[in-house]
Structure formats: structure tokens, C-alpha cells
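Below: one structure, written as C-alpha cells.
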Ligand code: CA
């Protein structure tokens with residue numbers, strides 16, 4: 043039985059195929075360990091045939107297994123989870139011709155029973171943090187365009203429309219070894235952590251995402267954000283996970299939502315039959331053992 047901060051966290055996860063793609067290659071899952079650690083994972087797969095779906099599902103399943111079986115320090119476990127996922131996907135891609143070259147992004151947040159938290163990622167799926175009234179990404183995309191922006195060779199605006207905007211510099215399963223970024227984060231009362239695939243951040247600006255995140259509970263927030271991404275075009279699979287600390291959200295330093303965004307939110311709520319999968323886990327999920335709460339296939 044978990045015993046600690048994870049018992050009072052509220053979380054929700056939602057993945058959707060979008061409005062253009064025929065298959066959903068994103069996966070997501072939530073895990074709760076007997077040691078009282080909660081793990082949320084988003085993976086955005088790529089590869090022909092069923093490769094993308096297999097890669098992303100393998101990533102989240104493998105990470106859950108590592109955390110379940112691991113005994114070490116939470117930060118080390120998180121890194122091990124990514125490395126084991128990389129190895130599992132790489133092995134499968136090497137053995138099954140149809141899956142050759144498959145890979146996936148991965149972004150995860152791990153909260154230990156004492157409230158210490160870490161974010162890890164590979165690729166261009168992102169984590170954002172709403173903390174003390176400010177909203178910002180807390181991961182740096184491992185993508186070609188993001189590196190060009192960091193080096194000053196492209197502007198953000200040029201990156202958004204660049205033909206190579208989907209090219210990743212790092213992904214899980216493509217090489218035998220992978221470099222994982224793992225960083226500890228501070229989460230306090232009222233804070234929100236959001237994980238998402240590029241189907242969300244590619245369709246919506248940060249201001250719109252922040253406005254929804256600050257104003258809705260996780261289970262409503264994921265529906266609203268997926269609905270807005272689809273309304274904005276839905277050109278890619280979209281996956282959103284939200285983890286909320288109890289307490290009122292500090293919105294002091296958030297820019298106001300634009301009138302256009304507010305109007306979109308009022309007009310449109312996604313209908314449940316659209317939704318490939320919804321996973322909402324509140325305090326009631328804090329039961330003994332591991333809870334596999336699903337992945338988006
Ligand atoms: Ca994607």
C-alpha cells in the first residue's frame with residue numbers, strides 16, 4: 043500500500059488518434075508502485091507497418107515493469123526504465139523485419155512517496171510545469187529544429203514550419219544505447235505537471251494550454267486539450283497526461299487566455315465517442331500493488 047503524497051495526487055490521461063491519421067501510434071500509461079511511487083509516461087511511436095504502435099506500447103509497458111521490479115533510488119530507476127525500454131524496442135526491431143527501424147519518444151514524471159519528483163525524456167514529447175503561477179516547458183526537445191533554434195540558426199517561427207521539424211536527434215529503440223535527460227523538479231501545492239506528445243504542442247500555443255491547465259481539474263483538462271487540438275486541425279495523434287497537486291492553482295503570473303481560445307473552449311467539448319481511451323486516476327487509485335491503467339493503442 044502506498045503511503046504518502048501520491049495518495050493525494052490527482053491524475054488523468056487521454057490519447058486520441060486525431061483527425062487525419064488512421065492509427066494512433068501514441069501510448070500512455072500510469073503506474074503506482076507498492077513503494078508508493080507514481081509514474082506517468084507518454085510515448086509517441088514512429089515506424090512503418092505497426093512499428094510505431096508497437097514501439098510506444100513497448101516503451102510504456104517496459105517502463106512499468108522496471109519501476110515495479112526496481113529497488114534502487116527513484117532517479118536511478120527512472121533512468122533505468124528508459125534504458126530498459128530502449129533495449130526492449132531495439133531488440134524487437136532487430137528480430138522482426140516488419141518492425142525494423144521503429145522507435146519512439148518517451149517523457150515521464152515520477153513522484154516518490156515523499157513528494158520528490160523527477161522528469162525524464164527522450165525525443166520531442168514534452169513535460170510542462172505550472173508552478174507558483176508560471177507555466178513553462180521543463181524538457182528540451184531532442185529534435186533537429188529545436189537544436190537549430192538553440193544554436194540561433196532558426197527562429198521558433200521557422201522551426202514550426204520547417205520540413206525537418208519531425209526529425210529527432212534522440213529516440214528510444216533506434217540505437218543500442220540512449221542518452222536520457224533526467225531532472226528533479228519541485229512540485230508544491232496547486233502545481234500541475236503536463237506531459238504530451240507533439241500532437242498537442244504542435245496544435246496549441248503555450249498560453250492556451252496553460253489556461254486550460256490552470257482552470258480545469260485533470261479529468262476535464264485532458265478532454266478539453268485533446269478537443270482543442272482536434273479542433274485546431276488534429277493533424278497528429280494527441281496524448282495528454284496531467285498530474286495535479288492538491289490545492290488552489292496560483293494563476294497570478296499566467297497571461298490571460300485570448301478571446302479566441304476562450305471562445306473555442308466554450309463552443310466545443312469533445313464527445314466521448316471520439317475518444318480512443320480515457321484514463322482518470324484520482325486518490326482512489328492508490329490501492330495495493332501496481333495498477334496498469336492503460337496505454338493508447
Ligand atoms: Ca506525434
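In the numbering used here, the protein residues as written are 43 to 339. From the three backbone atoms N, C-alpha and C, an ideal C-beta is built for every residue, glycine too. A quick note: this is a predicted structure, and the numbers were derived from the prediction, not measured.
Can you list, in chain order, the residues of its chain whose CB lies under 6 Å from that of residue 101, leaving out five sequence neighbours each side? Here residue 101 is taken as the residue at index 59 of the chain shown, counted from 1. Result list for residue 101: 85, 127, 146, 148, 214, in chain order.
Considering Cα atoms alone, identify which of 60, 217, 71 is closest to residue 152. Counted from its first residue, the chain shown places residue 152 at position 110. Ranking 60, 217, 71 by Cα distance to residue 152 puts 71 first.
Stretch-stretch touch, CB-based, cutoff 8 Å, three pairs: the region 258-265 with the region 200-215: Remark: fewer than three beta-carbon pairs, one from each stretch, lie closer than 8 Å, so the region 258-265 and the region 200-215 are not flagged as touching.
Proximity to residue 174 [Cα-Cα], best of 264, 48, 88, 256: Within the chain shown, the letter at position 132 stands for residue 174. Checked all of 264, 48, 88, 256; the closest Cα to residue 174 is 256.
Could you check what DSSP says for residue 281 in three-state terms: helix, strand or coil? Along the chain shown, one-based indexing puts residue 281 at 239. DSSP places residue 281 in strand when its eight states are reduced to three.
Using a Cβ-Cβ cutoff of less than 6 Å, which residues in the same chain neighbour residue 208 once the five nearest sequence positions on both sides are dropped? For this step, residue 208 is matched to residue 166 along the chain shown. If the five residues before and after residue 208 are omitted, its C-beta is found closer than 6 Å to no C-beta atom of its own chain.
Buried or exposed (CB count within 10 angstroms, at least 16 for buried), residue 133: Against the chain shown, residue 133 aligns to sequence position 91. Here residue 133 is exposed. Its C-beta has fewer than 16 other C-beta atoms within 10 Å.
With respect to 7 Å, is the separation between the Cβ of residue 272 and the closest non-hydrogen atom of ligand 1 below this value? Against the chain shown, residue 272 aligns to sequence position 230. Residue 272: no, Cβ never under 7 Å from ligand 1.
Beta strand (DSSP E) segments (min. 3 residues) lying fully within the region 161-217: Entirely contained in the region 161-217, the beta strand (DSSP E) runs reaching 3 residues are, in chain order, 168-173, 176-179.
Can residue 46 be considered in contact with ligand 1, in the sense that its beta carbon sits closer than 7 Å to one or more heavy atoms? Mapped onto the chain shown, residue 46 falls at position 4. Shortest gap from the CB of residue 46 to any heavy atom of ligand 1: 7 Å or more.
Starting from residue 225, follow the beta strand (DSSP E) in both directions and report where the run begins and ends. The residue labelled residue 225 in the question sits at position 183 within the chain shown. From DSSP, the beta strand (DSSP E) with residue 225 extends over 223-227.
First through last residue of the alpha helix (DSSP H) which encompasses residue 80: For the purposes of this step, residue 80 is taken as residue 38 along the chain shown, with counting starting at 1. Element bounds for residue 80: not the alpha helix (DSSP H) but the beta strand (DSSP E), 80-88.
When DSSP labels each residue in this structure, what does residue 68 get in the three-state scheme? Here residue 68 is taken as the residue at index 26 of the chain shown, counted from 1. In the three-state DSSP reduction, residue 68 falls in the strand class (E or B).
Let me see if you follow: with CB-CB separation under 8 Å, is residue 269 close to chain C or not? Given the protein chain composition of this structure (a single chain), no chain C is represented.
Taking a contact to mean a Cβ-Cβ separation below 8 Å, would you say residue 87 touches residue 78 in this structure? The sequence position of residue 87 within the chain shown is 45, counting from 1. The sequence position of residue 78 within the chain shown is 36, counting from 1. No, the pair does not count as a contact, with Cβ atoms beyond the cut-off.
Along the chain, where does the beta strand (DSSP E) that runs through residue 235 open and close? Stepping through the chain shown from its first residue, residue 235 is reached at position 193. If you look at residue 235, you'll find it in the beta strand (DSSP E) that goes 234-238.
List in chain order the residues whose CB is within less than 6 Å of at least one heavy atom of ligand 1. Close to ligand 1, as judged by a C-beta nearer than 6 Å to any of its heavy atoms, are the residues 86, 239, 240, 241, 278, 279, in chain order.
Anticipated Cβ contact below 8 Å, residue 135 with residue 142, distance rounded: For the purposes of this step, residue 135 is taken as the residue at position 93 of the chain shown. For the purposes of this step, residue 142 is taken as the residue at position 100 of the chain shown. Rounded to the nearest angstrom, the Cβ distance from residue 135 to residue 142 is 6 Å, consistent with a contact under 8 Å.
Could you work out which residue in 273, 220, 221 is closest to residue 246 when comparing CA atoms only? Numbered from 1 along the chain shown, position 204 holds the residue referred to as residue 246. Nearest C-alpha to residue 246: 273.
Kindly indicate which three-state DSSP category residue 144 falls into: helix, strand or coil? For the purposes of this step, residue 144 is identified with residue 102 of the chain shown, where counting begins at 1. Correct three-state label for residue 144: coil.
Buried or exposed: residue 123, going by 16 or more other Cβ atoms within 10 Å of its Cβ? Translated into the one-based positions of the chain shown, residue 123 becomes position 81. It is buried - the Cβ of residue 123 has at least 16 other Cβ atoms within 10 Å.
For the beta strand (DSSP E) containing residue 126, list its first residue and its last residue. By one-based count along the chain shown, residue 126 stands at place 84. For residue 126, no beta strand (DSSP E) encloses it; the enclosing alpha helix (DSSP H) starts and ends at 116-137.
Following the continuous alpha helix (DSSP H) through residue 266, name the residue where it begins and the one where it ends. Position 224 of the chain shown, counted from the start, is the residue given in the question as residue 266. Where residue 266 is concerned, the enclosing alpha helix (DSSP H) stretches over 260-273.
Residues in its own chain within less than 6 Å of residue 131 by CB, not counting five upstream and five downstream? Within the chain shown, residue 131 is the residue found at index 89, counting from 1. Beyond the five residues adjoining it in sequence on each side, residue 131 comes within less than 6 Å, by CB distance, of 97, 100, 214, 215 in the same chain, given in chain order.
How long is the line joining the alpha carbons of residue 271 and residue 292, rounded to whole angstroms? Along the chain shown, one-based indexing puts residue 271 at 229. Along the chain shown, one-based indexing puts residue 292 at 250. Rounded to the nearest angstrom, the two C-alpha atoms are 25 Å apart.
When burial is assigned at 16 or more other CB atoms within 10 Å of the CB, is residue 113 buried or exposed? To locate residue 113, count along the chain shown from 1; it is residue 71. With a threshold of 16 other beta carbon atoms within 10 Å, residue 113 falls short and is exposed.
Supposed contact pair residue 66 and residue 225 - C-beta distance, whole angstroms, cut 8 Å: To locate residue 225, count along the chain shown from 1; it is residue 183. To locate residue 66, count along the chain shown from 1; it is residue 24. With a Cβ gap of about 28 Å, residue 225 and residue 66 do not count as contacting.
Among 228, 221, 230, 268, whose alpha-carbon lies nearest the alpha-carbon of residue 243? Counted from its first residue, the chain shown places residue 243 at position 201. Of all alpha-carbon atoms in 228, 221, 230, 268, the one lying nearest the alpha-carbon of residue 243 is that of 268.
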